[in-house]
C-alpha cells in the first residue's frame with residue numbers, strides 16, 4: 005500500500021495533470037466511487053461541528069484514508085487535493101507523508117504498528133459539491149491539515165493550512181539531508197538576519213522559542229495585539245524579504261486563489277503587518293526558533309523546538325476566512341432555511 009501510494013503520487017506529478025481542475029467535478033466523482041459505508045464516514049453536512057475539528061497530531065479522524073481506498077479512489081482523491089494546492093505544496097504533502105516511514109524506523113516500531121503510517125491521511129467532504137451550493141472538504145493527518153471552503157465553484161478559503169515535518173532535517177538513512185520545509189526556515193532566518201541591531205531588539209519577543217505554535221488547533225486564531233517589528237519600520241530590501249516569506253505560505257494554494265489572498269493582504273495595509281521572533285537566531289539543530297507574521301487578515305506561525313529542535317510546525321491562518329468565515333456559514337444557513 006505504501007509503495008503504491010508513493011508511486012501513484014509520483015505518476016500524477018510526471019503526467020503533468022493540469023492544476024486548477026474543477027474541484028466540484030472532482031469531488032462528485034470521488035463521492036460517486038465511495039461505498040455507502042465510506043460515505044457515512046466521509047460525507048457530512050456543511051454546518052456540522054466536525055468541520056472545525058482540525059488537528060495535526062497522529063490521531064484517529066473522520067474520513068476515508070488512503071489505506072481504505074481502491075486505486076481509482078486514490079487517484080481521484082489526489083487529483084482533488086492537487087486541484088486546490090500549488091505544485092510545490094502538493095510535493096511537500098507527499099514528502100511529509102513519507103516521513104512517517106522515517107519515524108517508524110527511528111522509533112523502532114514493528115511492521116504491523118500503524119501509529120506511523122503514510123496511508124493514514126483522511127479525506128472528508130462537507131456539504132454537497134455543486135455550482136449552486138456552499139460546500140467544503142478537508143485533507144488531514146499527521147503534520148498535514150488543509151481545510152477548503154467553496155462558494156459554488158469558487159475556493160474562498162483554504163485555511164487553517166498546516167504543514168509540519170519530523171524530522172525537520174533527516175539525519176540518517178536513505179533520505180539523509182532531506183528538509184521538507186527548508187524554504188520556510190530559510191526565508192524566516194533571512195528576514196531576521198537582515199535586521200539591524202535596533203530592529204532586532206524590536207523583533208525578538210523572547211530569547212526562548214515557544215514550545216509550539218501559539219494558536220495550536222484553536223478554532224479562533226487571534227493572538228491579541230501584534231508584537232515585534234512593523235513592515236513600515238523595515239527598509240525596502242527587508243520589506244521584500246517579508247513579502248517573500250508571506251508569499252511562500254499564501255502560495256501553498258493554487259495560483260489564482262493565492263493571488264487574490266495576497267491582494268486582500270495588501271488592501272488591508274502592509275504597514276499593519278508585524279514580524280516577531282523568539283529563540284535562537286541561527287539555524288542550528290538543538291537550538292529552538294519561532295517566528296510569527298501577523299496582520300489584520302493573516303497570521304503565520306513557524307516553530308521548531310520539539311525533538312531537540314528538529315521538528316517543525318508551520319501554519320497559515322486567515323483571520324477573516326478560516327473555515328470559510330462566518331459570512332459563508334450564514335449564506336449556507338439562509339439557503340437551507342428557504343427550502
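Residue numbers (the numbering used here): 5 to 343.
No residue lacks a Cβ here, since even glycine has one placed at the ideal position from N, Cα and C.
Check: residue i C-beta below 7 Å from any heavy atom of the ligand ATP
i, result
"residue 140", "In the structure shown, the ligand ATP is absent, as is every other ligand, since no ligand is present at all."
Sub-8 Å separation of residue i and residue j beta-carbons
i, j, result
"residue 280", "residue 232", "yes"
"residue 179", "residue 147", "no"
"residue 90", "residue 258", "yes"
"residue 348", "residue 150", "Given that the chain is displayed from residue 5 to residue 343, the structure contains no residue 348 and the question cannot be resolved."
"residue 187", "residue 252", "yes"
"residue 195", "residue 270", "no"
"residue 94", "residue 164", "no"
"residue 77", "residue 30", "no"
"residue 135", "residue 156", "yes"
"residue 191", "residue 267", "no"
"residue 75", "residue 119", "no"
"residue 54", "residue 48", "yes"
Cut-off 7 Å between Cβ atoms - residues of its own chain near residue i, not counting five sequence neighbours on either side
i, result
"residue 160", "153, 154, 325, 328, 332"
"residue 69", "123, 124, 125, 126"
"residue 101", "122, 125"
"residue 8", "Since pLDDT at residue 8 reaches only 49, below the 50 mark, its modelled position is unreliable, and the value read off the structure follows with that caveat. Excluding residues within five positions, none has a Cβ falling inside 7 Å."
"residue 50", "130, 131, 138, 139, 140, 336"
"residue 276", "299, 300"
"residue 96", "167, 184"
"residue 113", "119, 120"
"residue 110", "none"
"residue 26", "157"
Close beta carbons around residue i, own chain, < 8 Å, minus the five adjacent residues each side
i, result
"residue 218", "227, 296, 305"
"residue 272", "299, 300, 301"
"residue 237", "203, 206"
"residue 3", "The requested residue 3 is not part of the displayed model; the chain covers only 5 to 343."
"residue 117", "108"
"residue 45", "66, 67, 68"
"residue 250", "266, 269, 277, 297, 302, 304"
"residue 330", "none"
"residue 334", "none"
Expected contact under 8 Å - CB spacing of residue i and residue j to nearest Å
i, j, result
"residue 282", "residue 208", "7 Å"
"residue 88", "residue 145", "Wrong, their Cβ atoms sit about 16 Å apart, outside the cutoff."
"residue 184", "residue 103", "7 Å"
"residue 213", "residue 321", "About 19 Å separates the two Cβ atoms, so there is no contact after all."
"residue 303", "residue 274", "Incorrect: roughly 15 Å between the Cβ atoms, too far for contact."
"residue 210", "residue 307", "Contact flag wrong, Cβ pair sits at about 12 Å."
"residue 66", "residue 128", "6 Å"
"residue 318", "residue 245", "Actually they do not touch by this definition, with Cβ atoms about 17 Å apart."
"residue 60", "residue 201", "So it is not a contact: roughly 36 Å between Cβ atoms."
"residue 177", "residue 106", "7 Å"
Beta-carbon proximity list for residue i, same chain, < 6 Å, skipping 5 on both sides
i, result
"residue 338", "none"
"residue 193", "287"
"residue 234", "278"
"residue 293", "213, 283, 284, 308"
"residue 17", "Residue confidence for residue 17 is low, a pLDDT of 48 falling below 50, so the modelled location carries little weight; the figure read from the coordinates is stated next. If we look at residue 17 and ignore the five residues flanking it on each side, it has no Cβ neighbours."
"residue 133", "28, 31, 32, 139"
"residue 64", "none"
"residue 230", "278, 298"
"residue 255", "90, 262"
"residue 142", "128, 151"
"residue 83", "30"
"residue 290", "312, 313"
C-beta neighbour in chain C for residue i, strict 8 Å
i, result
"residue 330", "Within the model displayed, chain C is absent; a lone protein chain is all it includes."
Could you tell me which uninterrupted alpha helix (DSSP H) segments, each at least 4 residues in length, are contained entirely in the stretch 258-322, listed from first to last along the chain?
259-271, 310-313
Check whether the stretch 163-173 touches the stretch 314-324, counting contact only when three or more Cβ pairs, one atom from each stretch, lie closer than 8 Å.
yes
Can you give, in chain order, each stretch of the beta strand (DSSP E) that sits fully within the stretch 57-141 and has at least 3 residues?
126-130
Restricting to runs no shorter than 4 residues, where is the alpha helix (DSSP H) found entirely within the stretch 127-210?
186-196, 201-207
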